[in-house]
Structures are given as C-alpha cells and as structure tokens.
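Some notes on the structure that comes next.
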Amino acid sequence: MIKGTVLETIEDCVYLNADNVVSKATLEVVDDGGKVGLSVQGARSLWKTFLDDAFVLTKRAEVIAENLPTRFPNLSIDELTAIKVYTSDQMRNGSKIYQTLNTELRAGTLSDFNNELNDLLNRGLGKLTPHNGNVFRGVYGAEANLAKSWKVGDEIPFKDFKSSSTNKQVAAYDFSYSKGESVIYEIKGANGSNVCGISCMPNEMEVMFRSNLKFKVKEVDLNHMIFDKNFEHQNKFTKIVLELIP
C-alpha cells in the first residue's frame with residue numbers, strides 16, 4: 001500500500017491480478033512526495049461466491065490440467081471453468097447446476113452463485129469462435145408443450161441458456177425421443193458457441209447460446225421424418241425452424 005496524498009479515487013475498478021483472477025477494488029491515485037502511484041483498497045474476487053465453491057475448484061483444476069487456457073487464449077481461466085461447470089451433470093442443493101441456473105433465469109431471480117455463473121458464461125461464450133451452420137435442439141416436457149403452440153412469425157424470447165447439437169440424430173433421439181417426446185428445433189445460421197473442446201460432454205457436439213436471446217419462428221413441420229442414430233428406422237417429429245433475431 002502506498003501512503004501519501006490521495007489525488008483521485010476510482011471505485012469498483014475491475015482488473016486482472018497477479019494470480020490471473022479478475023478482481024474488483026477501489027484504486028487510489030496517491031502522491032508520495034512527488035512520486036505518483038496506485039494504492040489498491042478492498043480487493044476481492046469479482047466472482048467470489050462461484051469461484052470458492054468446492055466443485056467449481058475441481059473443474060478449475062481440470063481446466064488447468066487439460067491446458068485449456070493455451071488452447072483457448074481468448075478466455076480467462078474463470079470463463080473456461082464456468083463452461084466446464086455448466087456442461088457437467090453435477091448436483092448442487094438437490095438439482096443439477098445447469099437446471100437450477102436456467103430455472104432462476106426464467107423466473108428472473110438469481111442467487112449469488114448463479115448470477116456469477118451467468119455472467120462468466122456469457123462472457124466466455126461471447127469470446128468463442130461462433131458456429132455459423134445450422135444446429136438442432138431436441139426438447140421435452142414443458143418446453144416441448146410450449147413449442148407446439150408456436151406459429152410462423154412468432155418471436156420467442158429465451159431468457160435461459162440453450163444447448164444444441166450439430167448432429168440432428170443426437171438432438172432428436174438423446175434429448176427428445178428418449179424422453180417420450182418428438183419435438184426438435186432447427187436453428188438457422190446459429191451463431192452459437194461451439195463448446196466441444198471445453199465441454200464435459202464432448203460427444204454431444206454441443207453448441208451453446210447465451211442467455212436472453214430472441215428467435216423468430218420461420219417454419220413449422222408437423223411431419224418431419226428423422227432416421228435414428230443407426231439409420232435403420234425413421235420416426236416422425238415436429239420440427240420448428242428458428243432464426244436468431246439480432
């Protein structure tokens with residue numbers, strides 16, 4: 001800490017500390033006998049609740065062990081860790097982490113943990129090279145029931161994160177048909193983020209969309225036939241074509 005006359009105070013300054021952790025602090029510009037320097041007051045991690053979680057720490061260790069910061073130099077270790085955590089099936093307080101986050105996003109009320117996870121995910125996904133081809137998302141339950149009511153021209157806001165796959169069969173059969181449903185989205189010109197190189201489930205060929213995006217319904221096909229993953233049988237699906245609204 002530099003002592004002297006405080007010339008200027010900068011509140012809530014976000015910076016990268018010596019340990020490569022994004023932090024927030026109050027900075028003071030100090031004059032110490034003609035020498036001007038910076039004094040840091042009240043430094044703290046910007047995402048302390050999330051980053052101090054025991055499971056998150058294990059995923060952070062995996063990020064480092066797998067050399068992901070070198071493979072994805074545009075992303076911070078914290079952002080890579082957030083993607084690892086979200087794409088896991090880990091339970092926290094009785095529910096899977098990604099399910100709880102998305103439930104809270106739809107409700108509009110976020111815990112400290114999920115608020116920080118949401119922030120880190122959006123930051124990280126925004127830095128990945130976008131996947132510009134079409135992707136697919138199989139749905140079931142309440143989301144499938146809601147999707148069946150959509151009509152061409154409807155604008156659909158998604159408050160939560162949406163996962164999709166570059167593989168139609170994976171999306172249709174692993175995430176809809178296996179759950180007793182037959183509804184699939186085809187998202188045109190996706191511009192989502194390919195997380196296969198980071199994801200805990202790389203076999204899903206996952207492309208993720210940031211939270212709080214809006215899509216337009218371009219087509220509804222009630223009789224779309226899709227082969228199973230072995231290309232032996234076809235089953236009928238409702239296919240809804242969506243396009244991202246910039």
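Numbering (UniProt numbering), first residue to last: 1 to 246. Virtual Cβ for every residue (Gly too), placed ideally from N, Cα, C.
Is it buried or exposed, residue i, if we count other Cβ atoms within 10 angstroms and call 16 or more buried?
i	result
asparagine 147	The amino acid occupying residue 147 in the given sequence is alanine; asparagine does not appear at that position. Looking at its Cβ environment, which holds 16 or more other Cβ atoms inside 10 Å, alanine 147 is buried.
aspartate 32	exposed
isoleucine 226	buried
valine 6	exposed
isoleucine 64	exposed
glutamate 204	buried
threonine 238	buried
leucine 57	exposed
aspartate 112	exposed
asparagine 114	buried
Quick check: what's the CA-CA separation for residue i versus residue j?
i	j	result
leucine 242	phenylalanine 215	6 Å
arginine 60	phenylalanine 50	11 Å
asparagine 194	serine 165	9 Å
asparagine 122	tyrosine 86	12 Å
valine 135	leucine 80	22 Å
tyrosine 185	glycine 138	6 Å
glycine 34	isoleucine 77	38 Å
phenylalanine 72	asparagine 132	19 Å
leucine 125	valine 207	10 Å
glycine 68	lysine 127	According to the sequence shown, residue 68 is leucine rather than glycine. Answer to the nearest angstrom: the Cα atoms are 14 Å apart.
proline 157	leucine 105	12 Å
proline 246	asparagine 212	12 Å
phenylalanine 180	glutamate 155	The sequence shown places glycine at residue 180, not phenylalanine. When rounded, the distance between both Cα atoms is 27 Å.
proline 202	alanine 190	19 Å
methionine 91	glutamate 143	22 Å
glutamate 232	aspartate 119	43 Å
For the ligand NAP, is there a heavy atom less than 7 Å away from the beta-carbon of residue i?
i	result
cysteine 196	For the structure depicted, the ligand NAP is absent and the ligand set is empty, with no information on it obtainable.
Pick helix, strand or coil for residue i, following the three-state DSSP scheme.
i	result
aspartate 78	helix
phenylalanine 175	helix
glycine 141	helix
threonine 109	coil
isoleucine 83	helix
proline 202	helix
arginine 210	coil
asparagine 194	strand
asparagine 102	helix
Which first and last residues belong to the alpha helix (DSSP H) in which residue i is found?
i	result
aspartate 116	This sequence places glutamate at residue 116; aspartate is not what is there. Its alpha helix (DSSP H) spans residues 112-127.
phenylalanine 50	48-51
glutamate 181	Neither: glutamate 181 is in no alpha helix (DSSP H) and is coded neither H nor E.
lysine 229	No alpha helix (DSSP H) contains lysine 229, which DSSP labels as neither H nor E.
proline 69	68-71
valine 63	54-65
Quick one: give me the first and last residue of the beta strand (DSSP E) that residue i is part of.
i	result
isoleucine 156	155-158
glutamate 243	234-244
lysine 151	Lysine 151 -> no beta strand (DSSP E), and no H or E assigned at all.
serine 165	162-165
Am I right that residue i and residue j are in contact with their C-beta atoms under 8 Å? What's the rounded C-beta distance?
i	j	result
leucine 110	alanine 82	Incorrect: roughly 14 Å between the Cβ atoms, too far for contact.
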